[in-house]
Structure formats: structure tokens, C-alpha cells
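*Asks:* Start counting the sequence shown at 1; every next residue gets the next number (UniProt numbering).
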Amino acid sequence: MMQALVAQDQQQRLSIQNVDLPEPGADDVIVKVVAAGITPGVLKMIKAGRSYLPSTVGHEAAGVVAAVGSNVTGVSTGDRVRLHPILSSRECQYCLQGQDNLCDSASIMGFASFTPKKALYNNYHNGTVAEFVRAPYWLVDPLPPSVTFEVGAKVHDLATAARAIKLARLPGNATIIITAPTGALGALSLRLADKFGIGKIILVGRSRERMESVRLLTSVPTEVLVVSSEKYGNQNIVTELVALAPDGIDAIIDYLPSGNLISQLLPALSPAGELVHYGGNPNTIQIPLVEVMAKCWTIIGARAHTREDARDCLQWLGNRDVVIDDLITHRSKTSQIDRMLQPMDTREEPMLLICFPV
1 MMQALVAQDQ
11 QQRLSIQNVD
21 LPEPGADDVI
31 VKVVAAGITP
41 GVLKMIKAGR
51 SYLPSTVGHE
61 AAGVVAAVGS
71 NVTGVSTGDR
81 VRLHPILSSR
91 ECQYCLQGQD
101 NLCDSASIMG
111 FASFTPKKAL
121 YNNYHNGTVA
131 EFVRAPYWLV
141 DPLPPSVTFE
151 VGAKVHDLAT
161 AARAIKLARL
171 PGNATIIITA
181 PTGALGALSL
191 RLADKFGIGK
201 IILVGRSRER
211 MESVRLLTSV
221 PTEVLVVSSE
231 KYGNQNIVTE
241 LVALAPDGID
251 AIIDYLPSGN
261 LISQLLPALS
271 PAGELVHYGG
281 NPNTIQIPLV
291 EVMAKCWTII
301 GARAHTREDA
311 RDCLQWLGNR
321 DVVIDDLITH
331 RSKTSQIDRM
341 LQPMDTREEP
351 MLLICFPV
């Protein structure tokens with residue numbers, strides 16, 4: 001038996017339970033988890049009925065290979081690895097084109113399924129906040145010696161931020177807006193900005209204090225624009241953005257999970273600009289399509305990242321081209337997870353990367 005963080009059903013709180021140790025199938029590896037992570041989104045997926053239940057939760061992990069199946073190649077016991085939790089068939093048109101995050105079997109271990117095809121997810125639904133996790137051998141990546149287990153566990157978030165910036169197809173020395181910039185993805189986007197040759201960043205959010213803090217995470221010149229619900233219908237938002245970026249705004253990286261602010265920001269976007277949305281916002285964009293047409297804007301919805309994105313990030317981390325160790329602001333034993341879930345959900349206190357040493 002081992003301890004794991006389990007979601008029993010859609011209503012009950014997550015709880016630490018004793019569960020059976022996983023056994024490797026022929027194509028599996030068993031990883032002894034050293035560091036793991038979850039995001040508030042898992043609770044939303046559980047309540048929405050998109051998660052396999054009961055199940056161990058958590059989709060971020062790094063650790064040491066403890067056992068391998070009979071068909072496993074290229075992975076050995078004792079290897080330091082990080083888990084790539086995005087399940088994919090490896091056979092569909094998306095996988096063959098390097099867009100495995102769009103696979104028709106796309107699911108995330110310990111999180112949720114996004115497509116009708118659930119065979120892989122049903123087999124590998126258990127996640128990472130546990131002493132051991134079972135995964136297909138092709139979904140583990142070697143962890144460079146210079147990368148800690150905690151940082152290895154957070155590659156998932158870093159690669160998602162990298163995908164968001166890549167999708168924006170930025171010109172050199174671009175000016176971008178980042179919304180909801182004080183969360184994990186916003187902070188990681190700031191840390192990556194220099195890597196992508198971004199020339200200027202405008203942070204848009206509600207808390208000046210928090211935005212002033214995260215603007216220090218990058219060497220790229222960064223401005224702060226504070227907005228509140230009272231300003232959402234005020235054209236001054238666009239006027240202020242034009243004043244901050246007189247040469248134009250090339251892209252908006254949008255991490256807003258709710259609200260209609262993006263409709264107020266879009267008019268400031270330059271012709272041929274890009275809106276990349278990652279926030280899962282249920283609200284409608286209130287912009288006439290004729291304006292989208294006239295400005296030749298591109299609006300892109302995206303989820304997670306590709307395997308190539310993750311491997312790029314591992315290389316950057318291994319070479320110390322990108323450093324995120326300092327962005328791990330909260331650590332908690334799994335036995336104390338209850339005290340972490342509420343602030344994760346409400347954002348009552350500044351939180352960037354959260355890690356659970358197992």
C-alpha cells in the first residue's frame with residue numbers, strides 16, 4: 001500500500017488515502033515520486049465531470065524510475081526523470097505533425113480527459129500526488145543533472161507558457177500584453193520573455209502591488225496597467241494602452257479565467273495582431289466580426305503544450321538559459337494539502353509555483 005491524494009467523487013473533498021501500489025504493465029514504468037504538483041483547475045474538472053473517479057490527482061511529477069515493464073526500452077531503474085502527463089495515441093494526424101496536445105485521445109493524467117476517446121485515460125487516469133505513479137514509458141523524459149526534482153515537476157507549467165508565446169508568432173522586438181500576469185503562467189511567461197526576443201511587455205491586472213512584484217521577473221522593459229470592473233466599459237483603457245505602446249501591440253497573451261476585460265483590450269491590438277487565450281474563460285468576446293476581419297486579427301485558443309515544448313524547456317533549464325527555481329513560492333507536504341487548496345483557488349495570497357515534496 002501507499003499514500004495518495006484521491007478524489008473520491010464529484011462532491012467530496014480531496015483526501016489522503018491508502019491505495020494499492022501500482023504494478024507495471026509491459027509498456028509501463030513505475031516512478032518513485034520525489035516532487036509533485038496540482039493546479040486549482042483539477043477541482044473544476046472534477047466538479048464538471050471530466051475526471052475519472054475515484055482517482056489519484058496531480059499531473060506534475062519528477063522522480064526516480066523504480067521499475068520497468070518487459071517491453072520498455074531507453075529507460076532504466078534508477079534514472080532521474082520528469083513525467084510528461086499528456087496522454088496521446090502517437091498515431092493520429094495531430095501526433096504525427098508534432099501537435100500531440102490536440103490528439104483525439106488527448107487527456108492529462110491525474111487531471112481530465114478532453115476528447116470522446118478515453119481508453120488511454122481510463123488506463124492511466126491516476127496522477128502524481130502519490131508515493132509512486134505508473135505511466136507509459138514513452139512519457140518520461142530524462143532530467144538533466146542540473147535540474148532539481150522540484151523544477152522538473154514544474155516543467156509542465158513552463159512548457160505551457162512557452163506554447164502560449166510560440167502561438168503568438170511574434171515579430172522581433174515585439175510588444176505584448178499579458179493578462180492575469182501574477183499567477184504561475186503569467187510569471188513564467190515573464191521569465192521566458194527574454195528567450196523569445198520580446199521587446200516590451202504590458203501587464204494588465206487588478207493589483208498594482210502584485211504586478212509591480214512580478215515585473216521584476218524579467219529584464220524586458222515592462223509597464224503596468226491597473227484595471228478594475230468599474231473601468232471595463234471605459235474607452236480610456238485603450239487610450240492608456242496606446243500611450244504605453246505608441247508603436248502598437250503585437251499580441252495579447254490572455255490567462256484570464258473569467259470576466260469580459262478581453263473585449264475592452266482587443267481594440268488596442270495592432271493590425272495582424274494575435275490573441276492567444278489560455279484562461280478557459282466562459283464569457284463571450286464582444287467584438288464585431290467585421291472588426292476582426294478589418295484588422296486581420298488572429299484569435300487562437302489553446303490548451304497545454306506539445307512534447308517538443310517540454311523538451312525545449314528541459315534543454316533551457318539544463319543549460320541554465322532559463323531559471324525558475326526562485327519561482328517556487330510554496331511547498332507543502334501532501335498531508336497538509338487542505339491548507340493549500342483554498343488559497344490556490346481564491347488567490348488570497350501571492351502564489352506562483354506550488355510544489356509537493358512526496
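All C-beta atoms in this analysis are idealised placements derived from N, C-alpha and C, irrespective of residue type, glycine included.
In the DSSP output, which residue or residues are listed as bridge partners for Ala294?
*Replies:* Your numbering for residue 294 matches position 294 in the sequence shown. Paired residue(s): none; Ala294 is not in a bridge.
*Asks:* Exposed or buried, residue 387, counting other C-beta atoms within 10 Å across all chains shown (16 or more means buried)?
*Replies:* Within the shown structure, residues of the chain are numbered from 1 to 358, placing residue 387 beyond reach of any answer.
*Asks:* Tell me whether the beta-carbon of Leu289 lies closer than 8 Å to the beta-carbon of Thr179.
*Replies:* Within the sequence shown, residue 289 is the residue found at index 289, counting from 1. Within the sequence shown, residue 179 is the residue found at index 179, counting from 1. In this structure, Thr179 does not lie closer than 8 Å to Leu289 by Cβ.
*Asks:* Tell me Asn236's beta-bridge partners as DSSP assigns them.
*Replies:* Residue numbering aside, residue 236 sits at position 236 when the sequence shown is read from its first letter. Asn236 pairs with nothing; no bridge assigned.
*Asks:* Have a look at the DSSP bridge pairing and note the partners of Lys200.
*Replies:* On the sequence shown, residue 200 is found 200 positions in, with the first residue counted as 1. Answer by DSSP bridge pairing, in chain order: Thr175.
*Asks:* For a minimum of 3 consecutive residues, which ranges assigned as the beta strand (DSSP E) are wholly contained in the stretch 235-285?
*Replies:* The stretch 235-285 contains these whole beta strand (DSSP E) runs: 251-254 and 274-277.
*Asks:* Note down, in chain order, each residue of its chain lying with its Cβ closer than 7 Å to the Cβ of Gly279, except the 5 sequence neighbours on either side.
*Replies:* As a first step, residue 279 is located in the sequence shown; it is residue number 279 there, counting from the start. Excluding residues within five positions, the ones whose Cβ falls inside 7 Å are Ala180, Asp254, Tyr255, Leu256 and Pro257.
*Asks:* Tell me Asn18's beta-bridge partners as DSSP assigns them.
*Replies:* For the purposes of this step, residue 18 is taken as the residue at position 18 of the sequence shown. Beta-bridge pairing links Asn18 to Gln3.
*Asks:* Since Cys313 is in the alpha helix (DSSP H), which residue starts that stretch and which ends it?
*Replies:* In the sequence shown, residue 313 corresponds to position 313, counting from 1. Per DSSP, Cys313 belongs to the alpha helix (DSSP H) from Arg307 to Gly318.
*Asks:* Are three or more beta carbon pairs between the stretch 119-127 and the stretch 142-161 nearer than 8 Å?
*Replies:* Output reads no: the stretch 142-161 does not touch the stretch 119-127.
*Asks:* Residues bridged to Thr56 by DSSP?
*Replies:* Walking along the sequence shown from the start, residue 56 turns up at place 56. Val6.
*Asks:* Got a sec? Which residues, its chain only, sit under 8 Å from Val242 by beta carbon, not counting five neighbours each side?
*Replies:* The sequence position of residue 242 within the sequence shown is 242, counting from 1. Ala268.
*Asks:* With a threshold of 16 other CB atoms inside 10 Å of the CB of Ala153, please say whether the residue is buried or exposed.
*Replies:* As a working note, residue 153 is residue 153 in the sequence shown. Buried: at least 16 other Cβ atoms inside 10 Å.
*Asks:* Hey, Val220 and Ala251: beta-carbon distance below 8 Å or not?
*Replies:* In the sequence shown, residue 220 corresponds to position 220, counting from 1. In the sequence shown, residue 251 corresponds to position 251, counting from 1. Cβ distance not < 8 Å, so Val220 and Ala251 don't count as in contact.
*Asks:* Determine which residues share a DSSP beta bridge with Ser107 and list them.
*Replies:* For the purposes of this step, residue 107 is identified with residue 107 of the sequence shown, where counting begins at 1. BP columns for Ser107 point to Leu87 and Ser113.
*Asks:* Does the stretch 77-88 come within contact of the stretch 107-117, defined as at least 3 CB pairs closer than 8 Å?
*Replies:* Yes: at least three Cβ pairs fall under 8 Å.
*Asks:* Quick one: is Gln264 buried, meaning 16 or more other Cβ sit within 10 Å of its Cβ, or exposed?
*Replies:* Within the sequence shown, numbered from 1, the residue matching residue 264 stands at position 264. Burial call: buried.
*Asks:* Return the residue from the list Ile300, Leu261 and Gln12 that minimises the CA-CA distance to Leu167.
*Replies:* For the purposes of this step, residue 167 is identified with residue 167 of the sequence shown, where counting begins at 1. Per the Cα distances, Ile300.
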